[in-house]
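S.K.:
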DNA sequence: CTTGGAATGTCAACAAGACTGACATAAATT
DNA sequence: AATTTATGTCAGTCTTGTTGACATTCCAAG
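Chains as they are written, first to last, in this note's numbering: chain A, 415 to 583; chain B, 415 to 583.
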């Protein structure tokens, strides 16, 4: 806290955006915005026996079909046991298929079925619609800044995962 | 999905930032960045018998001392039962004080004790440090864009709460 | 080849933190 | 006096995270 104010004061107005008050605003903006970010998919999923964890699994399987359980749990940042419960229900319900790896039979490769793709698309559409409205209101320069700050906020390994996904498409 | 591409194509390069792929990147950026955003306070809290819910309560009591339980649960977007469990432990442990309202004796006004302020500051410092590093890396224009997009992403009532907090200081 | 360790995934049990519903109390409002 | 509002509490459930124990498969060192 003292350091931030010191830094800001040292350089005057030029670093006004680094004051504690500005940082606090940013923290609260993240908190409230993330609620909006998850609100639409959450609404769709309530009533089905699924939750946010299922949405995340569907999302990342969709964007890297054939990925392994291990890959997925690194991306999602949860334990394999936690992921497994989610995957089991998705597989039982015919939304995800699990195939034993051909070269390494310990691995399970995950893909979405037709039904899985349909649900993923429904969730994704809702989330993208909110994102698109926000982007449109804010304009392209704001969007560029938005991504720059988010990327800088990630842990190093998460940034690596993010960039790998981004560039892999 | 088709609509977004349609929109982008209709106007050409000018709306490139509204393609599905761009939106998808934004979604993943939010996901990974939020993990970073909460990582430091989570690390501090693990081992204490507190969690993210306690952090949020401390944060918003700190930034609006004397706020009521009802205010707080609207801001936090949880039920009173859920908030009450958290507040009870914080009060028992002497981090939060609850005072009966002088004008309306049904209300309980919440404030942080010395110890509560100390913990809030520790958590806040960690979170602000990450925020400050991200802001510094990204620069002031990016930060402005970041806030613009986040604000546009909130639900209307959350944006109202955010702006009220912001302007109330 | 065999054996032991590493990697991968599954099952079971538990904890945190959200939820709902029902109910109690006290104070304010009509 | 009756109703509404603000708060607190108890009990039970659900999602989603955790650890621990275990089975299977692969690979490498003896």
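Note that the Cβ used here is the ideal one computed from N, Cα and C, for glycine as well.
Tell me, to the nearest whole angstrom, how far the beta carbon of residue 521 of chain B is from that of residue 530 of chain B; I am working on the premise that it is less than 8 Å.
M.R.: Within the second chain, residue 521 of chain B is the residue found at index 107, counting from 1. Within the second chain, residue 530 of chain B is the residue found at index 116, counting from 1. Not quite, the Cβ-Cβ distance comes to about 19 Å (not below 8 Å), so this is no contact.
S.K.: Quick one: what's residue 463 of chain B bridged to in DSSP?
M.R.: The sequence position of residue 463 of chain B within the second chain is 49, counting from 1. Looking at the DSSP assignment, residue 463 of chain B forms a beta bridge with B/460.
S.K.: Does DSSP put residue 514 of chain B in a helix, a strand or coil?
M.R.: Position 100 of the second chain, counted from the start, is the residue given in the question as residue 514 of chain B. Note: residue 514 of chain B maps to strand in three-state DSSP.
S.K.: Rounding to the nearest angstrom, what Cα-Cα distance links residue 549 of chain B and residue 539 of chain B in this structure?
M.R.: Your numbering for residue 549 of chain B matches position 135 in the second chain. Your numbering for residue 539 of chain B matches position 125 in the second chain. The alpha-carbon atoms of residue 549 of chain B and residue 539 of chain B are separated by roughly 15 Å.
S.K.: Skipping 5 residues on each side, what residues in its chain have a beta carbon closer than 7 Å to that of residue 502 of chain A?
M.R.: Indexing the first chain from 1 puts residue 502 of chain A at position 88. Taken in chain order, the list of residues that qualify is empty.
S.K.: Please report the distance separating the alpha-carbon of residue 475 of chain B from that of residue 562 of chain B.
M.R.: In the second chain, the residue the question calls residue 475 of chain B occupies position 61. In the second chain, the residue the question calls residue 562 of chain B occupies position 148. Looking at the two C-alpha atoms, the distance is approximately 25 Å.
S.K.: Find the nearest neighbour of residue 523 of chain B within the set B/512, B/554, B/497 and B/458, judged by alpha-carbon distance.
M.R.: In the second chain, counting from the first residue as 1, residue 523 of chain B sits at position 109. Ranking the options by Cα distance to residue 523 of chain B, first place goes to B/512.
S.K.: Nearest CA to the CA of residue 504 of chain A: which residue from A/451, A/470 and A/492?
M.R.: Numbered from 1 along the first chain, position 90 holds the residue referred to as residue 504 of chain A. Measuring from the Cα of residue 504 of chain A, the nearest candidate turns out to be A/470.
S.K.: Does the pairing of the segment 478-488 of chain B with the segment 443-453 of chain A give three or more beta-carbon distances under 8 Å?
M.R.: At 8 Å Cβ cutoff, the stretches do not touch.
S.K.: Return the chain-ordered list of same chain residues with a C-beta closer than 8 Å to the C-beta of residue 510 of chain A, the five sequence neighbours on each side being excluded.
M.R.: Against the first chain, residue 510 of chain A aligns to sequence position 96. Once the five neighbours on either side are set aside, the close Cβ partners of residue 510 of chain A are 471, 472, 475, 501, 504, 524, 525, 526, 527 and 530.
S.K.: Run through chain B and tell me which residues come within less than 9 Å of residue 441 of chain A, C-beta to C-beta.
M.R.: Within the first chain, residue 441 of chain A is the residue found at index 27, counting from 1. Within chain B, the residues near residue 441 of chain A are 451, 473, 538, 541, 542 and 545.
S.K.: How is the beta strand (DSSP E) around residue 522 of chain A delimited, first residue to last?
M.R.: Stepping through the first chain from its first residue, residue 522 of chain A is reached at position 108. Its beta strand (DSSP E) spans residues 522-526.
S.K.: To the nearest angstrom, report how far apart residue 488 of chain B and residue 454 of chain A are at their CA atoms.
M.R.: Counting from 1 along the second chain, the entry for residue 488 of chain B is found at position 74. Counting from 1 along the first chain, the entry for residue 454 of chain A is found at position 40. Between residue 488 of chain B and residue 454 of chain A, the C-alpha separation is close to 19 Å.
S.K.: So what does DSSP say about residue 503 of chain A, is it helix, strand or coil?
M.R.: The residue labelled residue 503 of chain A in the question sits at position 89 within the first chain. In the structure shown, residue 503 of chain A sits in a helix (DSSP, three-state: H, G or I).
S.K.: Can you check which of these residues, B/483, B/486 and B/499, is closest to residue 463 of chain B by C-alpha distance?
M.R.: Stepping through the second chain from its first residue, residue 463 of chain B is reached at position 49. Checked all of B/483, B/486 and B/499; the closest Cα to residue 463 of chain B is B/499.
S.K.: Output needed for residue 417 of chain B: all residues of its chain with C-beta closer than 6 Å, excluding positions within five of it in sequence on either side, in chain order.
M.R.: Taking the second chain and counting its residues from 1, the one referred to as residue 417 of chain B is at position 3. The predicted model places residue 417 of chain B with a pLDDT of 46, which falls under 50 and marks its position as unreliable, so this point remains unresolved.
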